[in-house]
Amino acid sequence: MSKSLPALLALSIVLITTSCNDEDYAEGLTAYREERFDDAYHAFTRALDLSPQSPLHDYTYYYAGRSALYLRYYSNAASLFSASLSLYSNSLIRGKTEQYNAYAGFMNRGGTLATLTNMPKYLQVFIGNNAAQALIAATNTNAAYEILRYLVDIYENADAAAALHRTFRPDARRLRDTIPDTAMKLARGLHKSGKIAESLLYVTDLAVLPVFRDEAKYRIAWCNDLLGHADKAESLYRDYLAGDSGAFRERATYRIVELLRQRGRYDRALVFINDYIEHFPKSGETDYMHRRLVSAYMAEKNMPCARDALENAVKKYPKSTHINLAARAYLRKMFLDGTREDCDAALGIMRAVVTNTDRYDYYLSWERLAAMKFGDETRAKAAVAATLTASRNPYFIQEAYPYADTDLLSAIDVTNELYLRAAKNYIAASNYTAALASLNRIQFITTAVYDVPTPLLTECRGLTERILRRYAFVDAFFRPMSDDVIIQRARTLSPHLRTAVALVFAGDRENALNEAVFVRTNSPTSYDAFRALETVCAFAEDYGPVFKYTTPGTFQFPSTYSHWLLPPVLCGYLYPEYYHTLITSTAKRYSIEPAFVYALIRTESAFDSSCVSWVNARGLMQLMSDTAIGENRSLGKARLPYVDLHRPAHNVLLGTSHLAKLFKDYHSNEVMVLAAYNAGAGSVQRWKNTIATNDMSYYARMLDYPETEYYIEKVLRARHFYRLLNDGE
């Protein structure tokens, strides 16, 4: 794949969309985002004078109607939404338009509760919440109160509960005495909305009523738990579990285990873990509790019981991720502190967990480390041989290669020749599936270790290309078309594409991407659709959608097969160099290998510049706000005037600056750099103090954060393929 889209292609698309690039739409959208709804309404209504064939017309009607709603022009809004529905039956925003059309009609008829209850159920929550806010703003509080209470009573809706408590607090608190059932639903809704302290007020009120005592006692404990009152929550959970009833015993037991575990009280946690396993054997969390049982025994240094618990768990849940993590933790502990027999037993458990999975080379790396630790040269050689003859992961091959002897490498070369010959014979017989399978058994050791293509790799890629080019979609990637041909095809591909490009130039990035993704997903084997999505992503500066839809299967290539076999033009889509100029120039500015930055971005965000993680890390390199602000401050006179982590230029600059400091702090030890980037400097220091080694493969196996260990592997594996695509640079 080319490092950036052809400039002429971009220019051509601009030229064909100039006529439908509505300046009034762009002006209206800016005003709408700034909540200048009067200006937005007038700009959008001016834009409606354009031809109905405008690619932006359905969006123009939609935003004109939304602006009218904010201005309380309900009749005008209903007319705009109705017109859009009649004109644009295939609009991608038809569902939203139908919702707001119903809402506009509801408000135009007075916005009464009786009207709402007669509407379809799927519209009631949407319309009710919007109507309540509008009625409150219009000081029609009685109608708003009735609607919000209805939504809480029927749906326990979180937004309605928050609005009811916020706006009508005295009336809401009196519900305990007038309609206690609604009061409990309000407490549940507030909890769903994240208003934990507010929910606690209501459940405390309701705890005095016998009908709600059981649930209220549990919820009081739960609220205190979420508010960080650990000791009080534990006491309340215990009190709840000591009662005769207990519809929430499972969740209460689970939460008390977590509270005790987080505070290191494993001796007390064991009682509740065993209670959970005994009484809730069919729960979806039981395998997690088995993992916690192993951890608790290990924390109490009761290794025989930990081993028994782990072996029992493996039999019950052989494919559980939680049991896999428990086996890793136990193996790590036995490797560091146990005898040879203990370590062998732990390795046996790990082997049972990973057998018949794509993680067997992970187990083999442990086999090698353990054999070397205990001086078993024969066993170490066997682990190295198994890795080099079977692994498809350059990360593990690079670890094992220094311990390989010349006889093993010569044997692999001989076997490779046999597989290559077999693949050619299968191709001659038109048995392409068998040919591809035979190619996949070839080991590219030199390529894996030195990040360079070899004549063997080049020949195998050529054979794979012959096989895959039997599909017209794949063949198109090897037959570069002129930009004019691509544009002509794009014209007739889908009206959604024309809309997507027009939206880009009007500054409506989010809707543009939605339209482009629609084209791609509804034309899964179309080269034109694929290029269209890529083009719109380039204009929108967010390659997340195109990367998401690019998998080995996109090219009719088995997802479990080695990426080495894919010809560079296809492999370049699995390891793309999006934002090429930005990333390469920034990486070189900080003396960091561009391939390393690409690999990190691929792993962190999958090139989605709008990405936000569960811990609120943002953008391409998934930076936390505090980290980004600190890095920007350190730039001195070159610092950015403001920080927008969803802007690729800002994110890459600050993320690469942060990486450069980590490389300096950890003396270019890539494993430690990545561990610090993922888990923080404090965790790395703890691991360094515990392990006391600079051996990168050994250090990576000892990390007790499985997510971080796997993260390091993924980044370094991706870095290998980026180097390979650039001929080892």
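Residue numbers (the numbering used here): 24 to 752. Even for Gly, the Cβ is constructed at its ideal location relative to N, Cα and C.
Handout entry: Inter-stretch contact at 8 angstroms, needing at least 3 Cβ pairs: the segment 534-551 / the segment 567-578
Key = With a cut-off of 8 angstroms, the segment 567-578 and the segment 534-551 count as touching, because enough Cβ pairs lie within range.
Practice task
Give every residue of the same chain whose Cβ lies closer than 6 angstroms to the Cβ of F397, excluding the five residues on either side of it in the sequence, and list them in chain order.
Solution key: Apart from the 5 residues on each side of it in sequence, F397 sits with its Cβ closer than 6 angstroms to the Cβ of R363 in its chain, given in chain order.
Practice task
Kindly indicate which three-state DSSP category R502 falls into: helix, strand or coil?
Solution key: It is coil, neither helix nor strand.
Exercise for the section: With a threshold of 16 other CB atoms inside 10 Å of the CB of G705, please say whether the residue is buried or exposed. Expected result: It is exposed - the Cβ of G705 has fewer than 16 other Cβ atoms within 10 Å.
Practice task
Check whether the segment 629-649 touches the segment 574-586, counting contact only when three or more Cβ pairs, one atom from each stretch, lie closer than 8 angstroms.
Solution key: Touching, no, given that fewer than three Cβ pairs across the two stretches are closer than 8 angstroms.
Practice task
May I have the straight-line CA-CA distance separating R724 from D365, to the nearest angstrom?
Solution key: If you draw a straight line from the Cα of R724 to the Cα of D365, it comes to about 17 angstroms.
Practice task
Less than 8 angstroms between the CB atoms is what I'm expecting for N124 and S105, so what's the real figure, rounded?
Solution key: Confirmed, about 6 angstroms.
Practice task
Report the rounded CA-to-CA distance for A434 versus L658, giving the unit in angstroms.
Solution key: Spanning the two alpha carbons is a distance of roughly 54 angstroms.
Exercise for the section: Below 7 angstroms CB to CB, which residues in the same chain sit around D194 once its five sequence neighbours on both sides are set aside? Expected result: In its chain, beyond the 5 residues on either side, Y168 have a beta carbon closer than 7 angstroms to the beta carbon of D194.
Practice task
Going by CA-CA distance only, name the one from D228, E58, N113, T138 that's closest to Y82.
Solution key: Residue nearest to Y82 within the set D228, E58, N113, T138 is N113 (criterion: CA-CA distance).
Practice task
Could you check the C-alpha separation between L526 and E179 for me, to the nearest Å?
Solution key: Their backbone Cα atoms lie some 38 angstroms apart in a straight line.
Practice task
Reducing DSSP to helix, strand and coil, say where V475 ends up.
Solution key: It is coil, neither helix nor strand.
Problem - Simplified DSSP assignment, three categories, for A741 - result: Reduced to three states, the DSSP call for A741 is helix.
Problem - Q122: first and last residue of the uninterrupted alpha helix (DSSP H) it sits in - result: Looking at the DSSP string, the run of the alpha helix (DSSP H) that includes Q122 is 117-131.
Problem - Nearest-angstrom beta carbon gap, A618 and R742 [assumed within contact, 8 angstroms] - result: Taking C-beta atoms under 8 angstroms as the contact rule, R742 and A618 qualify, at a distance of about 5 angstroms.
Practice task
Output the distance between the C-alpha atoms of Q76 and Y85, rounded to the nearest integer angstrom.
Solution key: Taking the straight line from one Cα to the other gives about 16 angstroms.
Problem - According to DSSP, residues forming a beta bridge with V635 - result: According to DSSP, V635 bridges with R641.
Problem - Beta carbon of A186 nearer than 8 angstroms to that of A155 - result: The Cβ atoms of A186 and A155 lie closer than 8 angstroms to each other.
Practice task
Using alpha carbons as the reference points, say which of Y93, L643, I714 lies closest to E679.
Solution key: Note that residue 679 is Thr in the sequence shown here, rather than Glu. Considering only alpha carbons, the answer is L643.
Exercise for the section: With DSSP as the reference, label Y92 as helix, strand or coil. Expected result: The residue you asked about is not Tyr; residue 92 is Leu in the sequence shown. Helix at L92.
Practice task
Spell out the partners DSSP gives L646 in its beta bridges.
Solution key: Beta-bridge pairing links L646 to R641.
Problem - Beta-carbon proximity of E600 to Y621, cut-off 8 angstroms - result: For E600 and Y621, yes; Cβs fall inside 8 angstroms.
Handout entry: Cutoff 7 angstroms; reference Y689; Cβ partners in own chain excluding five residues on either side
Key = Result list for Y689: M695, V696, A699, in chain order.
Exercise for the section: Count the C-beta pairs between the segment 234-248 and the segment 259-266 that are closer than 8 angstroms, then say yes if the count reaches three, no if not. Expected result: Because the criterion of three Cβ pairs below 8 angstroms is met, the segment 234-248 and the segment 259-266 touch.
Exercise for the section: Report, in whole angstroms, the separation of the C-beta atoms of A460 and I450, which I expect to be a contact under 8 angstroms. Expected result: I450 and A460 do not touch by the CB rule: their CB atoms are close to 12 angstroms apart, not below 8 angstroms.
Problem - Contacting residues, own chain, Cβ-Cβ under 7 angstroms from E281 (five flanking each side not counted) - result: Once the five neighbours on either side are set aside, E281 has no close Cβ partner at all.
Exercise for the section: Decide if the segment 464-477 is in contact with the segment 553-568; the criterion is three or more beta carbon pairs, one per stretch, under 8 angstroms apart. Expected result: Of all C-beta pairs linking the segment 464-477 to the segment 553-568, fewer than three are shorter than 8 angstroms, placing the two stretches out of contact.
Exercise for the section: Find out if the Cβ-Cβ distance for the pair R402, A394 is shorter than 8 angstroms. Expected result: The answer is yes: Cβ separation under 8 angstroms.
Problem - Enclosing alpha helix (DSSP H) for W587 [first to last residue] - result: Element bounds for W587: n/a, residue is neither H nor E.
Handout entry: Proximity of L480 and W637 at Cβ, strictly below 8 angstroms
Key = No, the Cβ-Cβ distance between L480 and W637 is not below 8 angstroms.
Practice task
Between the Cα of A427 and those of L223, K404, N416, R192, spot the shortest distance and give me the residue it belongs to.
Solution key: When each option's Cα is compared against that of A427, the closest is K404.
Practice task
Starting from Y386, trace the alpha helix (DSSP H) both ways and give me its first and last residue.
Solution key: Here the alpha helix (DSSP H) through Y386 covers 383-396.
Problem - Minimum C-alpha distance to L739 - residue among D727, P729, E693, G703 - result: In terms of CA proximity to L739, E693 leads the group D727, P729, E693, G703.
Handout entry: Reduced DSSP category for E57 - H, G, I as helix; E, B as strand; rest coil
Key = DSSP places E57 in coil when its eight states are reduced to three.
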